Amino acid sequence: MYIREATLSDISGMQIVRRAVRENALSDPTRISDEDYVDFLTSRGKGWVAIENGEVNGFAIADLQEHNIWALFVHPDHEAKGIGLALHDQMLNWYFSQTNTTVWLSTAPGTRAERFYHKAGWTLTGYYGQGELRFEISSKVWKTLHQ
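Using the working numbering, read the sequence shown as starting at 274 and increasing by one per residue.
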């Protein structure tokens, strides 16, 4: 498995991963379009994919405009292999090389993702949207954790 910067040709693989997840599943899979991925990858931020045997098995996308993590997902067949953490760290290293602005994300309560973000140093700061938890991490905290 290796991680590289996402390209537009990875969108179909990212869509497969996004639609396969068991937690934080989309109630309407058509809500996230290929055009959304294009926008985030070419205008708003940057993405990364985890590749194994030529297939995308995880991806992460940071949004510099809204200072949030738009996506961090691993295909269920590849969970618990360190892929999520590797993508997370690659993404945040890049994000904080671009800006010192605190970054945020949201996730459903009571999920593996919630535990993952707590363990990775994120701080729960409240709620977002329809009952999702809002987490933040600052440049200072990130750099302290990864010296």
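Quick reminder that beta carbons are idealized off the backbone N, C-alpha and C, glycines included. Just so you know, these numbers come straight off a predicted model, no measurement behind them.
Run through DSSP, which three-state label would residue i get?
i, result
"A279", "coil"
"A293", "helix"
"L378", "strand"
"G286", "helix"
"T384", "coil"
"N341", "strand"
"T372", "coil"
"A359", "helix"
"W321", "strand"
"E352", "coil"
"N330", "strand"
Would residue i and residue j be called neighbours here (beta carbons separated by less than 8 Å)?
i, j, result
"L360", "A323", "yes"
"T375", "L406", "no"
"I305", "N330", "no"
"H348", "A279", "no"
"W367", "K319", "yes"
"N341", "L397", "no"
"T372", "L337", "yes"
Where residue i and residue j are concerned, what is the direct C-alpha to C-alpha distance, given to the nearest angstrom?
i, j, result
"R277", "W321", "6 Å"
"A353", "E409", "23 Å"
"R385", "E328", "24 Å"
"E339", "E325", "31 Å"
"A393", "E308", "30 Å"
"T315", "Y275", "22 Å"
Compute the beta-carbon to beta-carbon distance between residue i and residue j, rounded to the nearest angstrom, for a pair I have assumed lies under 8 Å.
i, j, result
"I289", "Y310", "With 8 Å as the limit, I289 and Y310 do not qualify as a contact, their Cβ atoms being about 12 Å apart."
"F313", "W343", "5 Å"
"R291", "F346", "6 Å"
Between residue i and chain C, is there a C-beta pair that is closer than 8 Å?
i, result
"Y275", "Within the model displayed, chain C is absent; a lone protein chain is all it includes."
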